[in-house]
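Student:
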Amino acid sequence: MNVIGISGWSGNGKTTLLTRLIPVLLERGYTVSSIKHAHHKFDIDTPGKDSYRHREAGAQEVLISSSSRWALMHENRDGKEASLDELLQKMAPVDILLIEGFKSEDFPKIEVWRAESGTSPRMTSDQSVIAIATPDLTLKAPVPVLNLNDENSVADFIVQYFNLEATTHETAG
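End of the sequence shown sits at 179 in the working numbering; the numbers just go up one at a time, nothing left out.
1. Once the 5 residues before and after lysine 47 are set aside, which same chain residues still bring their CB inside 6 Å of it?
2. Might you give, ordered along the chain, the residues of its own chain that have their beta carbon closer than 6 Å to the beta carbon of glycine 14, omitting 5 neighbours on each side?
3. Helix, strand or coil for isoleucine 50, going by three-state DSSP, please let me know.
4. Which residue marks the beginning of the alpha helix (DSSP H) containing valine 100, and which one marks its end?
5. Would you list the residues sitting across from histidine 80 in a DSSP beta bridge?
6. To which residues of the same chain is valine 68 closer than 6 Å at the C-beta, ignoring the five residues directly before and after it?
7. Between Ala161, Leu93, Ser72, Ser110, which lies nearest to aspartate 3 when the distance is taken from Cα to Cα?
8. Please classify lysine 20: does DSSP put it in a helix, a strand, or coil?
9. Would the beta-carbon of proline 99 fall within 8 Å of that of methionine 7?
10. Quick check on arginine 83: buried or exposed, where buried means 16 or more other Cβ atoms within 10 Å of its Cβ?
11. Below 8 Å between beta carbons: does that hold for isoleucine 10 and isoleucine 164?
12. What's the gap between the Cα of isoleucine 138 and the Cα of proline 127?
13. By how many angstroms is the C-alpha of asparagine 158 removed from the C-alpha of leucine 31?
Right, dumping it as structure tokens:
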């Protein structure tokens, strides 16, 4: 799989870029999945529901399924967070796997950065940053500068980075 991260400090627009980028890549005929890292405890289940009760009773994993989706919940009862490599093994193969977060892991990333965030870009200290997406197109950077407000140009960069061939959907019309 072609794995690329969308990383950066909180509040810089990672999720916004991802939610605009995914449909662009899909329209070009690529299959896309994502992994999102959370820095806090989260729950995708609802207290009182059967699946929640299964987990509360001690089940290590609970898979819930319906006609519209399925989700596998795995409890980290030992408190050890899964590594990105372990999580990648759980994903079905796709053309492009977008990862939000995991900024300390070593894989190619597009950093999302806004000057008004008051943070410093990580591109100078993180060798895995291969481009920076920012609204400031005059930014001097050791990596390509992408327009954060143009998801098509970010998609172009990803497709070129991975040398992906044009799909029949992309060339038709």
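Cβ atoms here follow ideal geometry from the backbone N, Cα and C, with glycine treated the same way.
Tutor: In brief:
1. none
2. Lys20, Glu117, Val118, Trp119
3. coil
4. Careful: valine 100 lies outside any alpha helix (DSSP H) and carries neither H nor E.
5. Glu67
6. Ser57, His60, Arg61, Met79
7. With the chain represented from 7 up to 179, any question about residue 3 goes unanswered, as that position is not in the structure.
8. helix
9. yes
10. exposed
11. yes
12. 9 Å
13. 9 Å
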